[in-house]
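Okay, structure first, notes after.
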Amino acid sequence: MFLGTHTPRLDDKGRLILPAKFRDELAGGVVITKGQERCLYVFPTPEFQRIAEQLRAQPMTHKAARAYSRVFFASAHDEVPDKQGRVTIPAHLRSYAALDRDLVVIGASTRVEIWDKVAWETYLAESEDDFADIEEGVLPGGL
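Going by the working numbering, the first residue of the sequence shown is number 103, and it counts up by one from there.
Structure follows, in structure tokens:
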């Protein structure tokens with residue numbers, strides 16, 4: 103499970119050093135793709151394969167599933183982190199997420215998310231009040 107918030111920097115070659123506490127679980131390979139709210143999702147390869155199976159199980163006639171699958175898979179980039187725990191974020195994904203030098207990398211349970219630092223701070227400022235009010239609908243039965 104991926105947890106926590108980290109603030110690495112993107113180097114001049116578009117590489118990100120993965121947080122040390124995530125490296126073991128990601129060492130076998132990752133898939134980086136577009137996420138919601140203009141962040142990037144980073145999945146361990148087995149988790150990406152599990153999601154791919156779920157999307158494949160949707161009928162071809164389901165318009166929203168087709169649309170989501172197209173973007174999700176077309177933007178995906180697979181890679182094995184190097185010995186320093188670095189991955190290269192392709193230019194099209196850096197552009198999508200408006201990644202500059204300063205990043206925020208968060209653990210989001212079964213995936214890692216990569217955010218531009220300013221975008222993450224804006225998202226948090228806009229979302230934290232809502233967070234306090236949504237437990238009941240998201241967590242049936244509560245905590």
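Here a beta-carbon is modelled for each residue, glycine too, at the ideal position from N, C-alpha and C.
From residue i to residue j, what distance separates their C-alpha atoms?
i, j, result
"S171", "D231", "32 Å"
"A210", "T224", "18 Å"
"E155", "I208", "25 Å"
"I134", "A227", "26 Å"
"Y143", "R213", "7 Å"
"Q160", "L195", "26 Å"
"K185", "T163", "43 Å"
"W222", "K165", "30 Å"
"I153", "F145", "10 Å"
Quick one: what does DSSP say residue i is sitting in, helix, strand or coil?
i, result
"I153", "helix"
"R168", "helix"
"V173", "helix"
"K219", "helix"
"L105", "coil"
"P148", "helix"
"L112", "strand"
Please report the Cβ distance between residue i and residue j, rounded to the nearest whole angstrom; I am assuming they are in contact, meaning their Cβ atoms lie under 8 Å.
i, j, result
"L112", "L120", "No, L112 and L120 are not in contact; Cβ-Cβ is about 12 Å, not under 8 Å."
"G116", "I191", "5 Å"
"A199", "C141", "6 Å"
Measure the CB-CB distance between residue i and residue j and report whether it falls below 9 Å.
i, j, result
"L118", "R188", "yes"
"V132", "T109", "no"
With residue i as the anchor, note down where its beta strand (DSSP E) starts and where it stops.
i, result
"T190", "R188 to T190"
"A210", "L205 to A210"
Just to confirm the assignment, what range does the alpha helix (DSSP H) spanning residue i have?
i, result
"K185", "Where K185 is concerned, there is no enclosing alpha helix (DSSP H), given that its DSSP letter is neither H nor E."
"L128", "A122 to L128"
"L118", "Element bounds for L118: not the alpha helix (DSSP H) but the beta strand (DSSP E), R117 to I119."
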